[in-house]
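Numbering of the sequence shown is given in the numbering used here, commencing with residue 1286 and proceeding in unit increments.
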Amino acid sequence: MGAFAPLRGLAAPCRCVASARPRPLRAAGAVGGSGAGSANEASGASRMGKGAEEDPERRKNVALYRSIGPQGSTGTYRGVEEELGTRASGRPRVKPEVLSPAGGWEQLRAAVENGCDAVYFGVEGLNARARAANFTLDELPEVMTYLHDRGVKGYATMNVLIFEHELPTAEKKAKAFARAGVDAVIVQDVGACEVLRRAAPSLPLHGSTQMSITSGEGAEFSRRLGTDRIVVGRELSAREIAQVAARTDAEIEAFVHGALCVSYSGQCWSSESWGGRSANRGQCAQACRMPYGLIVDGRLREMGDFKYLLSPQDLMALDLIPELIEAGVTSLKIEGRLKGPEYVAVVTRAYRDAVDAAWAALSSDDAPATVDGAAIGAAVIDEPRRLALRQVFARGQDEHHDGLTQGFLGGVKHQTLVGGAGGGVVWVELLGTEVKKGDGVVFDVGDPEREEAGGAVCGLRTQGGARVEACGAGLVGMVVEGAGAARLSEVEPGALVWRTRDTAVESAARASFDAVSDADRRRAPVVAAVEGRVGEPLTLRLTDPATGVSATAATASPLTAAQKRPLDRDAIAAALGPRLGGGPLRLASLDVSGLDDTPPGVFLPVGEVKDARRRAVDALVELRRHHPRADGVRSKSVVPGLLSDLLSAPLPPVAADAPPAVRILCRTPEQVAAAIEVPWLDEITLDFLEAHGLEEWVRRVQRAGKRAVAAAPRVLKPGEQRLCDFYLGLGADALLVRSAGLLQQLHEYGGPGARVTLADGTSAEVPPLLGDFSLNAANSVAAALFLREGLERLAPTHDLNAHQIANLARSLPADLRARIEAVCHQHLAIFHTEHCVFCRFLSSGNSYRDCGHPCERHHVHLRDGAGKDHLVLADMGCRNTVFDAQAQSGARHLAAWVAAGIRSFRVELVDEAPDAVAPILDGYRAVLEGRRSEEELMAALSRLQDRNGRAQGVGEGSLAVRAERDRATLNPTAATKRAAARAS
């Protein structure tokens, strides 16, 4: 039985809207579209008028960045818009491919029939979309034949971190990919790059966005690993992408549509910390889509409807395609392997048309110096089409509930990226949009992990009780049937209501790939050329323009002099046919210049031409199905012996019998001062939010007789690379390297010990380098590659649990195990994001220029549904890091780590009070020396209070040893559920 569920919360008359985007069924309240900034915060922003960038009291220190920024710099760390100048990358202009997602067979067909140039897909296991249907290895040859027969490329994903025991599996998959003709593999793991490069040397590799590539140096590091293309971080603007493209020979791929992660890809550990479901393993639990309370200076801020503080709206870059072409982008990527075929069809067709229109405008003889992308977008995407784009998927949190933004591609605009007024939703709401019987609806329960309330609309009633077939506005009751109907009692008054299915849009989308006739189905284009003269056979040559492969066939009979109508272009074209006989190919063009047309011309029976066509087509199809990617595939496994080969040039050993050492990372000067007073401590890492005062504290640590390590930022974008000079100029005893881009830059400088001339004319020596967790070393091959780059120590990725960290150390030669550093205490950095919570919700500004810098005056926490308060810190680049409220400790695993050969143990502080520094350090040292039990230390740590005086407890977090979630236990996607419903 269905349940009768009136749309509640409509106390006032509803305003009819033209959009099918989400609109709350209640008023948005006083918060408004510009966030929850108070009058005081707004006044702070008003102080940031003209000349404010010269204010010497600003945390983003102007004098410092004037000295280290690009030439002609305004002196601001984030002055990228002015610094970079031209948007063009200097590369030859190329028409970019439209790259579509394919989570299964239906999505694959939807992408192909709607004009994509390439698709990317997962093959069971080892890909970043564990919940997608994906394909099996047995299906792979059929998938690639289907694609190649239609002139479409196929990229397989291996865009996850690979654990030690999975390296042989990764190799096996790579060889299967090559033999099936996969055109490239999208890879995240550094070690996997090396395995794949050796196992299948002809198989191209693409560096995933999970590699966190945000600079030309990062792109070059990936290229040194063997990648031909890199997928840039979604946090880059079109201008910044141009700067990356100018710095590397690798192809550039950029996301242009779909869901946005709030955290830098590859740098999110919320799912790992809270549930053992790593985003770097394809099991993201979407913690960013959850509601959070905003704690400002210890008090809960009233936010009205604004509670989804980390949930970005969706990306749509149709208006930016000309700019991205000028930036040197090779491939325009559509996100969505978890989405249904209707989404894939609608979005692919939109980008196919937009790319064709932009390319035509840019390539015309009278093309202007700059092409108006917005005009092209408006011409291609009219309102009904935009409505379809919203309907198939978008999170409409903005004041217009459009839900489609330019993300960061158009620059930093914090007020539009995260609306905050609706998260965990992928549905279009009912208000102002016609709802019909047969449509689907869902009621927002505020938790993306919970089962949805809703279902199919099988009846509609007006307030007067009249039954109607459709309704577009006003209070309407609906009879809802389906699995989610039983949960309607859980819906709160005022909840958002979304239309999950528009039968008209869905039917049109499905018809684009389900109802295609054989005559209209997609075929691979080929170029035909004929030549011949009287007395010789007619020769037909068919060429695949995408690969350059050709096949030739000659007629059995020679050409004769024409007695009546000669064999001309029209006659040959008719004999060949537009579909070349109905196979997988189509005739794109015909060249008859090689045919003797001297009067009276030549003649040949049409049947002879058709026979030559058949033989040429068969030969070309066979040639096109030959897979050069399989050339050179190694018959034996490359994994055994790989490590010893990588380490054939010995690295300086670290004494395996050295006593375990506890080190500390501090984030405030007060913590450093307290750490200096610990007599036995020999090393302190300084990870300050700002550069101001950092050099002074480096000197203080050194004067205390301790080793001073400077921690570099986790992200460096174009225009920020000269920060490297600043860190070298500090004279620190070592540098904690957190990005592959910085590691590449230091490699180009000559590595540790090299002398570098700095921008101010002085020189500095590259100090010893330490690698941090953010480099994502998950296996021994990755660790060896990083250690070969000159790293003295390396902290493994947080995706490894305590046992895996020990196993990683054991997998290395005995004299290198002490180079592995275990982070034994920390508040895990669960999100690292370009999105600024301070700017968005404590000001009306869009960036550091007009936000008033509330980060300098306020302390902010995000309170989750369990009542835990997670600290938010803004660094010198305005990037926010959200730290887990609960500290995680490896106290219970110290003995096992020592037994595995690990000798360095790091304690990381966030906002701990200075008087807690010595007890924490002494506690871990006592456990290592056997003077204190692990449980005693855990109990003491659980009582530590945060800045607001609340004890948040302690646990094992990402170190907890637990089985990884099996795909069968993950919540199925909406697309999977709909496909199952159709099948039944």
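Beta carbons: idealized from backbone N, C-alpha and C, even for Gly.
query                                                                                                                       : result
First through last residue of the beta strand (DSSP E) which encompasses G2112                                              : In the sequence as presented, Gly is not what sits at residue 2112; that position holds His. First-last for H2112: undefined, no H or E at that position.
Exposed unless 16 or more other CB atoms sit within 10 angstroms - verdict on E1237                                         : One cannot answer for residue 1237 here, as it falls past the ends of the chain, which runs 1286 to 2269.
Pairwise C-alpha distance: S1797 and N2131                                                                                  : 40 Å
Whole-Å CB distance - G2075 paired with L2054, under 8 Å assumed                                                            : 6 Å
Alpha-carbon spacing of E2249 relative to G1561, whole angstroms                                                            : 7 Å
C-alpha distance - D1881 paired with L1603, whole-angstrom precision                                                        : 48 Å
Buried versus exposed call for N1565 [16 or more other C-beta atoms within 10 Å across all chains shown]                    : buried
Residues bridged to Q2173 (per DSSP)                                                                                        : Q2111, G2240
Residue from R1952, H2083, T2047 whose Cα sits closest to the Cα of A2063                                                   : H2083
Cβ contact check for the segment 1657-1677 and the segment 2083-2096: 3 or more pairs under 8 Å                             : no
Chain-order list of residues whose beta-carbon lies under 6 Å from that of P2139 (same chain, five-residue window excluded) : E1326, F2123, L2127, S2128
Buried or exposed (CB count within 10 angstroms, at least 16 for buried), V1891                                             : exposed
Reduced DSSP category for V1887 - H, G, I as helix; E, B as strand; rest coil                                               : strand
Nearest candidate by alpha-carbon position, reference L2147, set F2116, K1458, C2163                                        : F2116
Delimiting residues of the alpha helix (DSSP H) encompassing H2032                                                          : 2025-2034
Candidates M2161, A1989, D2135, Q2173, of which the one nearest L2113 by Cα                                                 : Q2173
Bridge-paired residues (DSSP) for I1949                                                                                     : I1969, V2192
Between the CA atoms of G2240 and E2275 - distance to the nearest angstrom                                                  : Residue 2275 lies beyond the residue range present for the chain, which begins at 1286 and ends at 2269; the question has no answer from this structure.
Option in P1576, I1606, R1634 with minimal Cα separation from A1645                                                         : I1606
At least 3 beta-carbon pairs within less than 8 Å: the segment 1527-1545 vs the segment 1494-1507                           : yes
Span separating the alpha-carbon of R1394 from that of L2158                                                                : 45 Å
Alpha-carbon to alpha-carbon, V1541 and R1524                                                                               : 14 Å
Residue(s) in a DSSP beta bridge with F2168                                                                                 : A2114, L2156
8 Å Cβ cutoff met for R2023 and D2057                                                                                       : yes
Three-state secondary structure (DSSP) of V1727                                                                             : strand
Beta-carbon proximity list for I1580, same chain, < 6 Å, skipping 5 on both sides                                           : H2146, R2148, D2154
Same chain, Cβ closer than 6 Å to E1391, neighbours up to 5 away in sequence not counted                                    : P1626
Per-residue burial, S2048 [other beta carbons within 10 Å of its own, 16 or more giving buried]                             : exposed
Coarse secondary structure for E2249, derived from DSSP in three states                                                     : coil
CB-CB length for I1857 against V1894, believed under 8 Å                                                                    : 6 Å
Per-residue burial, E2214 [other beta carbons within 10 Å of its own, 16 or more giving buried]                             : exposed
Short Cβ contact (8 Å threshold) for E1608 with L1384                                                                       : no
7 Å Cβ shell around S1493 - same chain, five flanking residues per side excluded                                            : N1444, I1471, V1472, Q1473, V1516
Closest by C-alpha distance to G2046, when choosing among Y1636, F2011, S2065                                               : F2011
Every unbroken beta strand (DSSP E) inside the segment 1370-1426 [3 residues or more]                                       : 1382-1386, 1403-1407
Residues bridged to L1601 (per DSSP)                                                                                        : It should be noted that the sequence gives Met, not Leu, for residue 1601. DSSP lists H1542 as partners of M1601.
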